[in-house]
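Numbering (this note's numbering), first residue to last: 343 to 564. Just so you know, even glycine gets a beta-carbon here, dropped at the ideal spot from N, CA and C. Just so it is clear, the structure is predicted and the values come from calculations on it, not from any experiment. Structure, as structure tokens:
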């Protein structure tokens, strides 16, 4: 069973992202504050759960959470600020969507959520000076494999994964040749073969290595 909290604060928030290693689509973050007495024997790292369990847990998480939020950072912004910064920024934007300020934040991974604030982006949300100052004062802790250790991070991983999967299922209908409904934009052999055959879509991340080095893409096809 996962731990309820890392700190002694009542309003501890867990946050995580999904889709960081994909070739197409957004990176999606979620942030969740659970009640201090919340328990769940099934909730775990979303990668360890079936799709059916993830969506079942999503309904419960959203009904029981003190607060939750979701943020997509789309491929154009990922290409501009890089995927690491986009992942951090997605989680930062989730915190800014809360109506109540978290007292403490735990984030999956090995980097603090506020390691970079106020990235000089030209697309997507641009953080204001007030928002940057707001985020700076919230204590936070990065926890390696936190989604398999703490309930709130696991809950965030479930929300991030399910909302991103829904997005990829929708755009699959626009570009079925890439089979995003199945691969969700990850670099499968089938996905790369489709890129080689059909070129790239408006949802592909141009800053990623979409094909092996010996093959080249014509980005003017967009």
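DSSP bridge partner residues for residue i (one or two, in chain order)
i	result
residue 409	375
residue 492	345
residue 485	450
residue 370	360, 414
residue 546	366
Residue i versus the options, residue with shortest Cα-Cα distance
i	options	result
residue 462	455, 423, 393	423
residue 383	434, 343, 435	343
residue 386	527, 493, 368	493
residue 420	432, 519, 499	432
residue 428	416, 525, 438	416
residue 407	448, 501, 471, 388	501
residue 405	394, 434, 375	375
residue 373	552, 548, 367, 441	441
residue 453	521, 486, 508, 505	486
For residue j and residue i, the rounded distance between their alpha carbons
i	j	result
residue 412	residue 356	12 Å
residue 566	residue 414	Given a span of 343 to 564 for the chain in the structure shown, any question on residue 566 remains unanswerable.
residue 365	residue 352	38 Å
residue 488	residue 496	7 Å
residue 466	residue 550	19 Å
residue 445	residue 477	11 Å
residue 389	residue 498	12 Å
residue 480	residue 350	14 Å
residue 512	residue 526	11 Å
residue 535	residue 378	48 Å
residue 449	residue 473	19 Å
residue 554	residue 542	14 Å
Extent of the continuous beta strand (DSSP E) run through residue i
i	result
residue 357	354-360
residue 296	Shown here, the chain extends from 343 to 564; a query on residue 296 therefore has no answer.
Residue i, enclosing alpha helix (DSSP H) - first and last residue
i	result
residue 540	531-540
residue 439	425-439
Buried or exposed by the 16-neighbour rule on C-beta atoms within 10 Å, applied to residue i
i	result
residue 361	buried
residue 538	exposed
residue 532	exposed
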